[in-house]
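Here this note's numbering is used: the first residue of the sequence shown is 49, the next is one more, and so on. All C-beta atoms, glycine included, are put in the ideal place defined by N, C-alpha and C. What follows is one structure encoded as structure tokens, with my remarks underneath.
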Amino acid sequence: MSETQVMALLDHLADQGKVVNFWLRDDDAVLPTPALDRLLTLTRTAGVPLTLAVIPEQTGQPLVDCLRGEPHVAVAVHGWSHRNHAPPQAKNQELGLHRPIDEVLGELKHGLEKLDALHGPQFLSMLVPPWNRIAPEIVERLPALGFGSLSVFGREKPAPLPVLNTHIDIMDWRGTRGGHPSEVLFGDILAYLESDQPVRAIGVLTHHLVHDEQAWAFLERLFERTAGHPACRWAAAADLIGN
Ligand SMILES: [Zn+2]
49 MSETQVMALL DHLADQGKVV NFWLRDDDAV LPTPALDRLL TLTRTAGVPL TLAVIPEQTG
109 QPLVDCLRGE PHVAVAVHGW SHRNHAPPQA KNQELGLHRP IDEVLGELKH GLEKLDALHG
169 PQFLSMLVPP WNRIAPEIVE RLPALGFGSL SVFGREKPAP LPVLNTHIDI MDWRGTRGGH
229 PSEVLFGDIL AYLESDQPVR AIGVLTHHLV HDEQAWAFLE RLFERTAGHP ACRWAAAADL
289 IGN
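Structure representation (structure tokens):
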């Protein structure tokens, strides 16, 4: 039902000559894996640009070699180590104020420089905080570190640098820990499409390492329905943030 409604709305927008932007962010890449291959093939075939949030600490040349022939992929900075520094009762967070801020900033700078050196033309100076959480005091310091943009989850809020967020998380972290049912996700997309305050681009968030078949099936279906649709434009993050 939701999928039918989304497609009807998109057809209506196409009749009016309107276009909705979408973008895709996938998190937690470190190494080439069969799951990453599957994501790369899926996005390449559909013509969907992919922003891959890479964890700097443990990554290296094998991922560079894997991505080099994939011009539709851009690499963003996913924190430094994806280690939790929050106390046991608090929500997981790497980029909070649980340790001296200079220590956090030093790691972020190191991560940015490492991925820039490794990935060169495919590098995008976007910070993707692990668990989509970052202290405002750290956000304030990102431009001085060399970050050109920030991406978390939910509606964009004002910040001292361009923000391009994700809005649709395909994984059911608190429930099955598999993919959400397709109808739920198309319903989430419908809500953004129908909103009085449209976002610049509807961001879809994926985690290739933990996808079950339901998650993969949703992505395949979404691309099949939208990638060639005249009212949809799957855009690269760099084009959306204007650098
Ligand atoms: Zn992550």
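Check your understanding: How is A83 classed by DSSP in three states: helix, strand or coil?
Key -> Numbered from 1 along the sequence shown, position 35 holds the residue referred to as residue 83. Three-state result, A83: helix.
**Study point:** Buried or exposed by the 16-neighbour rule on C-beta atoms within 10 Å, applied to A239
**Key:** Residue numbering aside, residue 239 sits at position 191 when the sequence shown is read from its first letter. Flag for A239 reads exposed.
Exercise for review: Could you tell me if the beta carbon of H259 falls within a distance shorter than 7 Å of some heavy atom in ligand 1?
Suggested key: The residue you call residue 259 lines up with position 211 of the sequence shown. H259: no, Cβ never under 7 Å from ligand 1.
Review point. Which residues in the same chain as P208 place their Cβ atom closer than 8 Å to its Cβ, once the five residues preceding and following it in sequence are excluded?
Key: For this step, residue 208 is matched to residue 160 along the sequence shown. Excluding sequence neighbours, P208 sits near V187, E188, L190 and P191.
Review point. Going by the CB atoms, is the gap between R269 and L230 shorter than 8 Å?
Key: Taking the first residue of the sequence shown as position 1, residue 230 is located at position 182. Taking the first residue of the sequence shown as position 1, residue 269 is located at position 221. For the sequence presented, residue 230 should be read as Ser rather than Leu. Cβ atoms of S230 and R269: closer than 8 Å.
Review point. How about H126: is its Cβ closer than 7 Å to a heavy atom in ligand 1?
Key: What you label residue 126 is simply residue 78 of the sequence shown in a count that begins at 1. Indeed, a heavy atom of ligand 1 lies less than 7 Å from the Cβ.
Review point. In the segment 144-172, which residue ranges form an unbroken alpha helix (DSSP H) of at least 4 residues, counting only runs that do not cross its ends?
Key: 149-167
Check your understanding: So which of H130, R147 and D164 has the shortest CA-CA distance to P177?
Key -> For the purposes of this step, residue 177 is taken as the residue at position 129 of the sequence shown. Measuring from the Cα of P177, the nearest candidate turns out to be H130.
Review point. Which two residues bound the contiguous beta strand (DSSP E) that contains V200?
Key: Taking the first residue of the sequence shown as position 1, residue 200 is located at position 152. No beta strand (DSSP E) contains V200, which DSSP labels as neither H nor E.
Practice item. Round the Cβ separation of F234 and A94 to the nearest angstrom and send it over; I've been treating them as touching at under 8 Å. Key: Along the sequence shown, one-based indexing puts residue 234 at 186. Along the sequence shown, one-based indexing puts residue 94 at 46. Not really, about 17 Å apart at Cβ, beyond 8 Å.
**Study point:** Alpha carbon of Q106 to alpha carbon of V78, nearest angstrom
**Key:** Your numbering for residue 106 matches position 58 in the sequence shown. Your numbering for residue 78 matches position 30 in the sequence shown. Looking at the two C-alpha atoms, the distance is approximately 7 Å.
**Study point:** The alpha helix (DSSP H) enclosing L193, as first and last residue numbers
**Key:** For this step, residue 193 is matched to residue 145 along the sequence shown. That run of the alpha helix (DSSP H) goes P184 to L193.
Point to revise | DSSP three-state assignment for M174, whether helix, strand or coil | key: In the sequence shown, counting from the first residue as 1, residue 174 sits at position 126. Looking at M174 - three-state DSSP - the assignment turns out to be strand.
**Study point:** Contacting residues, own chain, Cβ-Cβ under 7 Å from R92 (five flanking each side not counted)
**Key:** Locating residue 92 in the sequence shown gives position 44, counting from the first residue. E118 and H120, listed in sequence order.
Point to revise | Three-state secondary structure assigned by DSSP to G235 | key: Translated into the one-based positions of the sequence shown, residue 235 becomes position 187. Residue state, collapsed to three classes: helix.
Practice item. State buried or exposed for Q141, treating a residue as buried only when at least 16 other CB atoms are found within 10 Å of its CB. Key: Here the question's residue 141 lines up with position 93 in the sequence shown. The residue in question, Q141, is buried, as its Cβ has 16 or more Cβ neighbours within 10 Å.
Practice item. Check whether the segment 141-160 touches the segment 247-264, counting contact only when three or more Cβ pairs, one atom from each stretch, lie closer than 8 Å. Key: no
Check your understanding: In chain order, what residues of the same chain have a beta carbon less than 7 Å from the beta carbon of G226, not counting five sequence neighbours either side?
Key -> As a working note, residue 226 is residue 178 in the sequence shown. Around G226: D220, D260, Q262 and A263.
Check your understanding: With respect to 7 Å, is the separation between the Cβ of P110 and the closest non-hydrogen atom of ligand 1 below this value?
Key -> Locating residue 110 in the sequence shown gives position 62, where the first residue counts as 1. P110 Cβ: outside cutoff for every heavy atom of ligand 1.
Point to revise | Heavy atom of ligand 1 within 7 Å of P104 beta-carbon | key: Here residue 104 corresponds to residue number 56 of the sequence shown, with the count starting at 1. No, Cβ of P104 sits at least 7 Å from all heavy atoms of ligand 1.
Point to revise | Residues bridged to G251 (per DSSP) | key: Taking the first residue of the sequence shown as 1, we reach residue 251 at position 203. According to DSSP, which records beta bridges pairwise, G251 is partnered with W71.
Check your understanding: Straight-line CA distance for K66 to A134?
Key -> In the sequence shown, the residue the question calls residue 66 occupies position 18. In the sequence shown, the residue the question calls residue 134 occupies position 86. Using only the alpha carbons, I get a separation of about 44 Å.
Check your understanding: Once you ignore the five residues that flank Q170 on each side, which residues in its own chain have a CB closer than 7 Å to its CB?
Key -> Mapped onto the sequence shown, residue 170 falls at position 122. Within the same chain, Q170 has close Cβ partners L115, V121, A122 and V123.
**Study point:** Any 3 or more C-beta pairs closer than 8 Å across the segment 202-216 and the segment 145-158
**Key:** no
Review point. Among all residues, which have a Cβ less than 5 Å from at least one non-hydrogen atom of ligand 1, and in what chain order do they fall?
Key: D75, D76 and P178
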